[in-house]
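> The numbering of the sequence shown is this note's numbering, which starts it at 23 and goes up by one. Backbone N, C-alpha and C fix where the C-beta goes; we use that ideal spot for every residue, glycine too.
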Amino acid sequence: MSGVAVKIALRELSGGFRGFWIYLACLAIGTAAIASSGSATEVFTRGLNAESRNLLGADVIFAASQRLATANERTFIAQLGIVSETVSLDVMGSVADTRKQVDVRGVDVNYPLLGAAGLAGGAKTLQSALRKDGDKWGIAVSKSFLEDFDIGIGDAVRLGPLDAIVTAELKSVPDRIGTPGTFGPEAIVSLQALAEADRLTPGQLFRSGLRVILKQGITIENAQEQFESEFGAGTMRIRTPEDSVDGLKSLLNTLNSFLAVIGIAALIAGGVGVAQATSSFLDTRIGSIAVLKVFGAEAATVRAAYMLQLGALAFIGALAGVALGAAVPFLLSYFAGSAIPLPQALGVYPLPLIKALVLGLFAASMFALPAIGRSRATRPSALFRRLADNERVSVPWIERIGAIISGMLLCGLAIASSYRPGLTALVLGGAALTLLLLVATAWLVKRLARIASVGATGMRRLSLANLGGPGSLAPTIVPALGLGLALLTLVAAVQANLLRQISQTAPSNAPSVVFSQIPSNRIDEFDALVKSQGLDTADETTFRQAPFILARVTALRGAPVMEAEIAESERWVVRGETTITYLANKPPETILTEGQWWPEDYTGPLKVSVEADAAKGMGLGVGDTIEFRVFGRDLTATVSSLRKVEWGTFSIGSNVVFILSPGTLEAANPAFVAIAKTTPETEASIVAALGGSMPEVVVFHTRQALETAARLLSQIAVAVNAAAGIVTLSGLLVLLGTFAALARKRRAEAALLKVFGAERTQVLGLYASEFALAGGAAALIGSSIGVAAAYPIVVYAFEATWNFPWFETLIILIASVSISAVGGAAVGLATLSRTPAQVLRMP
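(1) Taking the continuous alpha helix (DSSP H) assigned at Y813, which residues delimit it?
(2) Is A464 near P497, with beta carbons less than 8 Å apart?
(3) Just to confirm the assignment, what range does the alpha helix (DSSP H) spanning R469 have?
(4) Give a yes or no on contact between the segment 839-853 and the segment 787-798, applying the rule of three or more CB pairs nearer than 8 Å.
(5) Where does K377 sit, in a helix, a strand or coil, going by DSSP?
(6) Using a Cβ-Cβ cutoff of less than 8 Å, which residues in the same chain neighbour I473 once the five nearest sequence positions on both sides are dropped?
(7) So F653 packs on A690, CB below 8 Å; how close in whole Å?
(8) Can you check which of these residues, G643, L77, H723, is closest to L364 by C-alpha distance?
(9) Measure the beta-carbon distance from G452 to M388 and round it to whole angstroms, keeping in mind my assumption that it falls under 8 Å.
(10) Give me the DSSP bridge partner(s) of Y604.
(11) Secondary structure at F722, three-state DSSP: helix, strand or coil?
(12) Label S501 either buried or exposed according to how many other C-beta atoms from any shown protein chain fall within 10 Å of its C-beta, with 16 as the threshold for buried.
(13) Locate the alpha helix (DSSP H) running through E421, then write down its first and last residues.
(14) Grouping DSSP H, G and I as helix and E and B as strand, with all else coil, what is A634?
(15) Is V195 near V82, with beta carbons less than 8 Å apart?
(16) On the CB-based measure, 16 or more other CB atoms within 10 Å of its CB, does P827 come out buried or exposed?
(17) How big is the Cα-Cα spacing for L90 and E599?
(18) Quick one: what's R121 bridged to in DSSP?
(19) Assuming the contact rule is C-beta atoms closer than 8 Å, V467 and A799 should be a hit. Round their C-beta distance to whole Å, please.
(20) Indicate whether the contact test is met: 3 or more Cβ pairs, each with one atom in the segment 371-384 and one in the segment 333-350, closer than 8 Å.
(21) Could you check the C-alpha separation between I199 and Q246 for me, to the nearest Å?
(22) Compute the Euclidean distance between the alpha carbons of A151 and G69, then round it to the nearest angstrom.
(23) For K165, which option in G143, G239, A322 has the closest C-alpha, if you only look at C-alpha atoms?
(24) Count the other CB atoms within 10 Å of the CB of K237; is the residue buried (16 or more) or exposed (fewer)?
(25) What are the boundary residues of the beta strand (DSSP E) that includes F98?
(26) Using the C-alpha atoms, what's the distance from T300 back to E413?
(27) Please state whether DSSP places L136 in a helix, a strand or coil.
(28) In the DSSP output, what is G617 paired with across the bridge?
(29) Just reading off the alpha helix (DSSP H) that I499 is part of, what are its end residues?
(30) Could you give the first and the last residue of the continuous beta strand (DSSP E) run that contains V652?
(31) For D185, report the span of its beta strand (DSSP E) as first-last.
(32) Would you kindly work out how many angstroms separate the C-alpha atoms of S355 and Q517, rounded to a whole number?
(33) Starting from I260, follow the alpha helix (DSSP H) in both directions and report where the run begins and ends.
(34) Measuring CB to CB, does A50 end up less than 8 Å from G339?
(35) Given a threshold of 16 other Cβ atoms within 10 Å of its Cβ, counted over all protein chains shown, does E587 qualify as buried or as exposed?
(36) Just to check my reading of the structure: L721 and F565 have Cβ atoms closer than 8 Å, yes? What is that Cβ distance to the nearest angstrom?
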């Protein structure tokens, strides 16, 4: 690189940032989005890692479902270190006429092994709060418990079969994130109390765990290996500190991938602004470039000079975005720290910032190189004549190849550094395809406008001629604005359909109430009770019941389960326990895709019907075997059929992954679950009746849950829309840059129109209509692409019912056209700010 190029670049840079604010802003916005998402993920992930042992509450947990640890298991675990036993279950809480579901934790005298529970308003320590006083056990409850039951410290309450008295308000527990009772009433009770109430017998729905602080010299790996050697793999689920934060870290990484893709999309949309700003800047340097070339400057020198200058500006813009992204975690902590329950490790982490900076520079290179190449390759004579757009030479191969390589490096880095590389590649591919469609649309708009202008007259003809001729708005506005609107429409369409599914479709299909933990030996009594309250138990459209057991899949086709070999979308089936049931008759809504259902009176070897998608993800077919572990006992079932499951329908038993044949699981005396669709009045009478004769039955009201889900989704949608709006903001910045560039270019045109008698309103209407047409084309194509992309997400990913988002799409279309028209009018006002004489005297 010659010293001449460096001197030229330094001289140009000495003039400051005038004319480059859009260029800098377009790069800063996308880079800031990528840097902030990466920095926030690092802060929360490192915070979770640091607190993972405390969140688990031990070094290791040995967990089981629907049973307590056996005597032999307890003996083995006790020799590993200090042990604390806990259980979790749902019961019905009762105070006077109020009955509600309560999340209960039973703990022993050693709980918690790490940290301490935060209490207020009564007992000072957890163990003193849980003591038995006469015939009532003490309990510590959440604030939501006190509010829902309208009671205070010292008041009596009944938890299922247990008489208790509230002795303290639970403010915090060391092994859970957030405030207790956020999602419903919570209570902590003595483990001994639950045992005395006969609430921990095998087959009932509860989860148990033995937490262990390991002795010095014993590692988690050694403890797990010895336990599995003694009792077999899968007998109990062994959880480590890493497991306690796995789900949260996965969610954070997925969110980071989503926001990073948003940032890259913003860089691409803003890249059009970078290209436009580069071209506008080089247009102001036409005379300088021509003189340099006349006096013998080589094309390489011109290229190097402006690459240095624009590269330096790109670095400044990207660096500004990186600085903002690095500050975001600190801003979040300052303004919303108390509202974010996740542990944080505040700091500046270089890796996500470097990634954002490099991606920003790649984007600037990809979009700026073509304009640089076109300017340096144009002949001096053409430059002196200030050539029109249709006279410009094509982009030379050197710059064209450089731009392609920059784009490939941008995509490669984004995919390689993503937590979800497949998803990132898919989204980037979709963004590239969308950009190509929008570029093609811009070309089509120009061509159609040129054709339409032939038969038009007056200002309409001039507007169409501007749109279809050299210097048209379409190649700039349509791609940049269209890409942002495509993403915004995609998010709005998915959001609208999911909200409709939760608030309208789901309530019409889902049960209004769910009854769980119905003892198997009292199922007939339960049916008679609900029937006496007006519920037709013979009508399968309003009432269903089935037995349920929590089991763990331990082997497929005779080989131990390897999670890595199972499709990611179906790993939830083998990760921990899953719900299974047994049925003699095929549910009426069940559709078999392969195999046959067993006869109603079947008594042979154990068979299983598997949901088709889960079977595909696990590589199972008819005739293959699956091994389950139930209550510590291994069962092997042969796949007899695959079936399609409609998860959103009113059904029970059929909408689980595994349905087993009868004749085996009955010996476990599993609890039953029933669902019903009825009126609030009938629900209330059933709940009251159950409180008198079957208090152990837990009642879950789905109406409130769906309302809560809709409210949460609406809140999440605000954040997602704000993130998607970053891309639209980049498009609007490009639009703003176009306004500024055209205000300069159209001054002479506006002056001539005024000289020839055009009125002020006509000039304003000319530019408003021109911009409205370009913005309308961008909005129409962008929103169409967004709706088309939303359809498979709603139908296949979420398996929801599709409804065309007319309202959301129309709002986006109207807003886009209106903003474009107002911008066009603003350009008109800017062109009319000088008199014709002032404009026409300018060289």
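So, to answer that:
(1) Along the sequence shown, one-based indexing puts residue 813 at 791. Counting along the chain, the alpha helix (DSSP H) containing Y813 begins and ends at 782-814.
(2) For this step, residue 464 is matched to residue 442 along the sequence shown. For this step, residue 497 is matched to residue 475 along the sequence shown. Yes. Within cutoff.
(3) Taking the first residue of the sequence shown as position 1, residue 469 is located at position 447. The continuous alpha helix (DSSP H) containing R469 extends over residues 443-477.
(4) Contact between the segment 839-853 and the segment 787-798 is established, with three or more Cβ pairs separated by less than 8 Å.
(5) On the sequence shown, position 355 is the one that residue 377 refers to. Three-state DSSP puts K377 in a helix.
(6) Working through the sequence shown from its first residue, we reach residue 473 at position 451. Result list for I473: G490, in chain order.
(7) The residue you call residue 653 lines up with position 631 of the sequence shown. The residue you call residue 690 lines up with position 668 of the sequence shown. Their Cβ separation, rounded to whole angstroms, is 6 Å, which keeps F653 and A690 in contact under 8 Å.
(8) For this step, residue 364 is matched to residue 342 along the sequence shown. Check the Cα spacing between L364 and each of G643, L77, H723: the tightest is with L77.
(9) Reading the sequence shown from its first residue, position 430 is the one you call residue 452. Reading the sequence shown from its first residue, position 366 is the one you call residue 388. At roughly 18 Å, the Cβ-Cβ gap does not stay under 8 Å, so G452 and M388 are not in contact.
(10) Here residue 604 refers to the residue found at position 582 when the sequence shown is read from its first residue. Within the DSSP bridge table, the entry for Y604 names L682 as partners.
(11) For the purposes of this step, residue 722 is identified with residue 700 of the sequence shown, where counting begins at 1. Strand at F722.
(12) Numbered from its first residue, the sequence shown carries residue 501 at position 479. For clarity, residue 501 is Pro in the given sequence; the question names Ser instead. The residue is buried, with at least 16 neighbouring Cβ atoms inside 10 Å.
(13) As a position in the sequence shown, residue 421 is number 399, starting the count at 1. Judged by DSSP secondary structure, E421 falls within the alpha helix (DSSP H) whose first and last residues are 419-438.
(14) Residue numbering aside, residue 634 sits at position 612 when the sequence shown is read from its first letter. A634: helix per DSSP, three-state reduction.
(15) Numbered from its first residue, the sequence shown carries residue 195 at position 173. Numbered from its first residue, the sequence shown carries residue 82 at position 60. For V195 and V82, no; Cβs fall outside 8 Å.
(16) The residue labelled residue 827 in the question sits at position 805 within the sequence shown. Buried.
(17) Start at 1 with the first residue of the sequence shown, and residue 90 comes out as number 68. Start at 1 with the first residue of the sequence shown, and residue 599 comes out as number 577. The C-alpha of E599 is placed about 15 Å away from the C-alpha of L90.
(18) To locate residue 121, count along the sequence shown from 1; it is residue 99. DSSP lists S116 as partners of R121.
(19) The residue given as residue 467 occupies position 445 in the sequence shown. The residue given as residue 799 occupies position 777 in the sequence shown. So it is a contact: roughly 5 Å between Cβ atoms.
(20) Yes, they touch.
(21) Reading the sequence shown from its first residue, position 177 is the one you call residue 199. Reading the sequence shown from its first residue, position 224 is the one you call residue 246. Each residue's Cα considered, the two are about 26 Å apart.
(22) Within the sequence shown, numbered from 1, the residue matching residue 151 stands at position 129. Within the sequence shown, numbered from 1, the residue matching residue 69 stands at position 47. Roughly 31 Å between the two C-alpha positions.
(23) The count along the sequence shown starts at 1 and reaches residue 165 at position 143. Per the Cα distances, G143.
(24) Here residue 237 is taken as the residue at index 215 of the sequence shown, counted from 1. Exposed is the call here.
(25) Counting from 1 along the sequence shown, the entry for residue 98 is found at position 76. Per DSSP, F98 lies in no beta strand (DSSP E); the unbroken alpha helix (DSSP H) holding it starts and ends at 93-100.
(26) By one-based count along the sequence shown, residue 413 stands at place 391. By one-based count along the sequence shown, residue 300 stands at place 278. Low local confidence applies: a pLDDT of 49 at E413 is under 50, so the model's placement there is unreliable, with the coordinate-based value given in what follows. Taking the straight line from one Cα to the other gives about 18 Å.
(27) The residue you call residue 136 lines up with position 114 of the sequence shown. Annotated three-state conformation of L136 is coil, per DSSP.
(28) Here residue 617 is taken as the residue at index 595 of the sequence shown, counted from 1. In DSSP, G617 forms a bridge with S663.
(29) Here the question's residue 499 lines up with position 477 in the sequence shown. In the DSSP annotation of this structure, the continuous segment of the alpha helix (DSSP H) that includes I499 starts and ends at 496-522.
(30) On the sequence shown, residue 652 is found 630 positions in, with the first residue counted as 1. Unbroken beta strand (DSSP E) run through V652: 647-652.
(31) The residue labelled residue 185 in the question sits at position 163 within the sequence shown. The continuous beta strand (DSSP E) containing D185 extends over residues 184-194.
(32) As a first step, residue 355 is located in the sequence shown; it is residue number 333 there, counting from the start. As a first step, residue 517 is located in the sequence shown; it is residue number 495 there, counting from the start. Across the structure, S355 and Q517 are spaced so that their CA atoms are roughly 28 Å apart.
(33) Working through the sequence shown from its first residue, we reach residue 260 at position 238. Per DSSP, I260 lies in no alpha helix (DSSP H) segment; the continuous beta strand (DSSP E) that holds it begins and ends at 259-261.
(34) Counting from one through the sequence shown, the residue named residue 50 turns up at place 28. Counting from one through the sequence shown, the residue named residue 339 turns up at place 317. Going by C-beta atoms, A50 is nearer than 8 Å to G339.
(35) Along the sequence shown, read from residue 1 onward, the residue named residue 587 stands at position 565. Exposed, by the Cβ-count rule.
(36) Taking the first residue of the sequence shown as position 1, residue 721 is located at position 699. Taking the first residue of the sequence shown as position 1, residue 565 is located at position 543. Here residue 721 turns out to be Val, not Leu, going by the sequence shown. Contact between V721 and F565 is ruled out by a C-beta separation of about 14 Å, above the 8 Å threshold.
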